[in-house]
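Residue numbers (UniProt numbering), protein chains in the order written: chain W, 1 to 418; chain B, 1 to 418.
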């Protein structure tokens with residue numbers, strides 16, 4: 001099988017770059033980012049031309065408008081990609097930081113030092129902006145990258161990876177530090193996920209079925225960026241104006257994102273005052289309401305929510321509302337139906353808030369704020385490769401530091417163990 | 001299938017305890033440890049009686065002496081287990097530590113707080129001491145535990161888990177926080193590894209085939225404790241007395257451990273002076289020497305090393321020796337044949353040492369010290385659940401902190417995103 005040999009050869013070449021990347025100076029990595037920023041700006045026309053090949057093909061095949069919008073590269077989007085690279089160049093390099101240092105009674109000096117992970121494979125759908133984002137963050141953190149984007153974006157990704165390789169070359173780095181795997185179809189992905197001696201980490205970015213496939217096949221460690229079924233619980237002691245404002249924002253400001261709120265849980269004692277006003281705002285903003293039986297008694301326009309509704313990530317102007325007994329029922333509901341992403345409580349009662357923040361098992365838990373803040377930029381991390389919903393290595397926004405690990409470096413003068 | 005229902009029921013019960021464990025006070029966890037220490041000391045006789053059932057069965061089935069030794073519980077071993085629990089009680093509780101804290105320009109206060117991982121499954125072979133070690137470290141770090149030990153230790157593990165449950169009860173904690181899965185055979189393990197909505201992390205501890213099976217089946221994140229093919233590189237600028245001393249110690253002090261040295265790489269310029277003396281020491285201490293062709297020219301008693309020898313973890317009084325051109329060849333050899341565990345350089349040249357420490361991609365890299373120090377106790381971590389050879393979450397000795405993760409807790413006053 002020729003594609004197998006081809007993939008293996010690409011990944012072996014990338015793996016070989018780990019060595020070089022593990023001790024590359026920050027300045028060189030920043031030069032790469034600045035070159036890349038220039039190149040994609042200068043090549044805007046040709047990038048758009050290649051992207052249009054993908055777009056036209058998908059239009060012919062009647063892909064959805066939302067799909068084509070994610071695939072589309074415009075002049076302003078390319079300019080945004082280019083300027084984000086300048087920002088990444090400005091971020092601190094996490095590699096080499098000494099996390100901890102101890103001298104043991106026997107004189108051994110033990111340093112815990114931050115190092116790159118090695119080879120990271122990013123498996124994603126047809127969003128060409130991920131190509132630049134993933135490659136730039138991985139390189140800045142000293143990693144090598146294998147990219148596997150959706151087949152619908154193959155022309156776009158190819159030209160972007162060409163730009164990346166040119167920038168690597170100009171920065172005197174090995175162009176093989178980033179490689180795009182295009183062949184083999186689904187079997188190609190399966191093969192890639194079996195190469196656990198050459199790839200150290202897989203980050204799948206995309207819909208549920210992509211994530212599930214990667215998790216079930218991979219023998220390489222995976223950090224999942226799974227769906228966000230985010231909740232806001234409006235407590236009986238909530239400031240109602242604040243609750244209305246936060247819930248509306250969290251739903252409508254960008255409903256297609258994973259940190260948008262999908263479910264509202266409302267304390268039974270506040271429901272009759274709060275929900276009619278909330279419903280009015282939602283209706284004004286074209287948000288479809290689905291409710292539990294109690295909610296339906298209060299909101300006439302609400303459709304009945306099914307059991308599946310509590311699990312579903314709508315990514316759309318839809319919200320499901322449930323009236324609960326108290327904060328305990330809210331916490332239990334979230335821990336059962338949520339996806340460990342982002343959940344908020346609106347209350348003026350600090351004791352309920354404390355309970356919620358402690359007992360809700362999610363990457364990000366909020367008191368009196370919108371779930372929409374779960375984002376590397378908003379958290380002050382400068383950028384992000386995505387939002388981890390896993391419970392090892394990294395939770396929530398994954399930025400440069402989360403793309404590294406550590407090693408122990410131990411200095412002795414002949415110590416032996418007795 | 002009855003066993004399936006039984007396993008599911010056990011794991012669901014353990015999963016439910018996460019909630020209680022996530023905010024349990026340190027004092028209660030320490031009370032549990034102290035009770036357990038008392039109980040196993042008091043029940044020494046009955047533990048030995050149950051352990052003897054396992055031992056006798058294995059003797060009848062002609063298991064190896066090494067296997068039975070790992071299975072055997074003696075009075076002194078039980079006393080050691082008991083006192084290790086007192087030590088774990090003394091260790092700092094990592095849960096609740098604020099790792100980082102920022103206030104954003106919009107007034108959001110973001111805290112990164114250390115929390116337990118959740119439910120951790122430990123899959124191990126027939127070493128009953130792991131039962132106590134894993135349960136105590138996981139509970140102290142706020143996690144719930146599913147134990148799956150080797151079938152040959154089922155009587156031993158059952159009595160030990162009874163002790164654990166009694167101690168949990170006495171500390172007013174839920175006895176379901178620790179459960180032992182005994183049924184289902186291999187299919188039981190397979191089923192357990194599919195329950196990714198109930199188990200957050202799997203730590204396999206044991207031989208290569210156990211680890212490989214777990215990695216290939218599991219849809220739950222796995223942190224591997226894989227084999228240790230550890231190297232020492234003796235540079236041309238090594239202090240010869242130190243090199244002899246360190247290499248001998250790293251090989252013979254406890255050859256059955258994963259941090260014992262398995263391969264020696266020797267710079268060609270020092271080989272003729274160093275190797276005859278080293279060989280003499282090895283022979284005196286019954287160490288079998290296997291060598292590359294160049295080594296065999298210097299050491300008469302050496303057998304030829306095959307390609308497989310460079311990959312093999314002997315766990316025995318055997319060492320393979322290769323003569324190399326320089327530090328670069330040593331590094332390349334280690335990165336190719338090693339297992340990313342522990343590797344050392346012996347040299348007085350700091351520039352070679354720096355290169356080696358930076359470029360060898362292992363969890364622990366040593367300058368002028370024995371690889372045998374890779375151990376939670378020796379690193380000052382107080383204890384360890386094992387040595388991770390993975391490159392995410394934790395590398396090297398995994399202690400209490402490595403059994404935790406973090407969550408972001410965000411405090412606002414009504415912030416919305418614009």
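Every residue, glycine too, gets a C-beta built ideally from N, C-alpha and C.
The model shown is predicted, which means the values in this text are computed figures rather than measured ones.
Per DSSP, residue 404 (chain B) is one residue of the beta strand (DSSP E) stretching across 404–415.
Put simply, the CB of residue 68 (chain W) is far from chain B, with every gap to its CB atoms at 8 Å or more.
Nearest C-alpha to residue 255 (chain B) among B:203, B:319 and B:277: B:319. Beta-bridge partners assigned by DSSP to residue 179 (chain W): W:146.
Excluding residues up to 5 positions away in sequence, 40, 73, 78, 156, 159, 160 and 163 lie with their Cβ nearer than 8 Å to the Cβ of residue 47 (chain W) in the same chain. Taking a 10 Å sphere around the C-beta of residue 187 (chain B), we find fewer than 16 other C-beta atoms and assign the residue as exposed. With a threshold of 8 Å between beta carbons, residue 173 (chain B) makes no contact with chain W.
When CB distances to chain W are screened at a threshold of 8 Å, the residues of the segment 342–365 of chain B falling below it are 357, 358, 359, 361, 362, 363, 364 and 365, in chain order.
In terms of CA proximity to residue 334 (chain W), W:360 leads the group W:360, W:354 and W:250.
For the segment 382–399 of chain W, the residues whose beta carbon sits under 9 Å from a beta carbon of chain B are, in order, 390, 391, 392, 393, 394, 395, 396 and 397. Within the segment 185–217 of chain B, the residues whose Cβ lies closer than 9 Å to any Cβ of chain W are, in chain order, 196, 200, 201, 212, 215 and 216. The C-beta distance from residue 3 (chain W) to residue 183 (chain W) rounds to 4 Å, short enough to fall under 8 Å. Chain B has a Cβ within less than 8 Å of the Cβ of residue 406 (chain W). For residue 233 (chain W), the number of other beta carbons within 10 angstroms of its own is at least 16, and it is reported as buried.
By the criterion of a C-beta distance shorter than 7 Å, residue 339 (chain W) is surrounded in its chain by 226, 227, 228, 229 and 389, once the five residues flanking it on both sides are discounted.
Residues of chain W with a Cβ closer than 7 Å to the Cβ of residue 370 (chain B) are, in chain order, 415, 416 and 417. At least one C-beta of chain W is nearer than 8 Å to the C-beta of residue 242 (chain B).
The Cβ atoms of residue 18 (chain B) and residue 118 (chain B) sit closer than 8 Å to each other.
Collapsing the DSSP output to three states places residue 385 (chain B) in coil.
The DSSP assignment places 288–291 as complete runs of the beta strand (DSSP E) inside the segment 283–318 of chain W, in order along the chain (cut-off: 3 residues).
One finds 416, 417 and 418 in chain B with Cβ atoms closer than 9 Å to the Cβ of residue 253 (chain W), taken in chain order. For residue 368 (chain B), the enclosing beta strand (DSSP E) has its first and last residue at 364–369.
Taking a Cβ-Cβ cut-off of 7 Å, the neighbours of residue 245 (chain W) in chain B comprise 414 and 416, given in sequence order. The segment 152–227 of chain W contains, as complete alpha helix (DSSP H) runs of 4+ residues, the segments 154–170, 185–192 and 208–217 (chain order). Chain-ordered, the chain B residues with CB closer than 9 Å to the CB of residue 23 (chain W) read 355, 358 and 359. Assignment of residue 104 (chain W) by DSSP, reduced to helix, strand and coil, places it in the coil class. The straight-line gap separating the alpha-carbon atoms of residue 258 (chain B) and residue 147 (chain B) is approximately 22 Å.
Within the segment 72–101 of chain B, not one residue has a Cβ closer than 8 Å to any Cβ of chain W. The closest CA to that of residue 285 (chain W), considering only W:139, W:9 and W:245, is found on W:245. The straight-line gap separating the alpha-carbon atoms of residue 26 (chain B) and residue 402 (chain W) is approximately 28 Å. Listed along the chain, the chain W residues whose CB falls inside 7 Å of the CB of residue 380 (chain B) are 102 and 104.
With respect to chain B, the C-beta atom of residue 411 (chain W) has a partner C-beta closer than 8 Å.
In the three-state reduction of the DSSP assignment, residue 63 (chain B) falls in the coil class, being assigned neither a helical nor a strand state. DSSP lists W:386 as the bridge partner or partners of residue 398 (chain W).
Following the DSSP letters along the chain, one finds residue 114 (chain B) inside the beta strand (DSSP E) bounded by residues 109–116.
Within the same chain, Cβ atoms closer than 6 Å to the Cβ of residue 126 (chain W) are found at 71, 150, 152 and 153, the five residues on either side in sequence being excluded.
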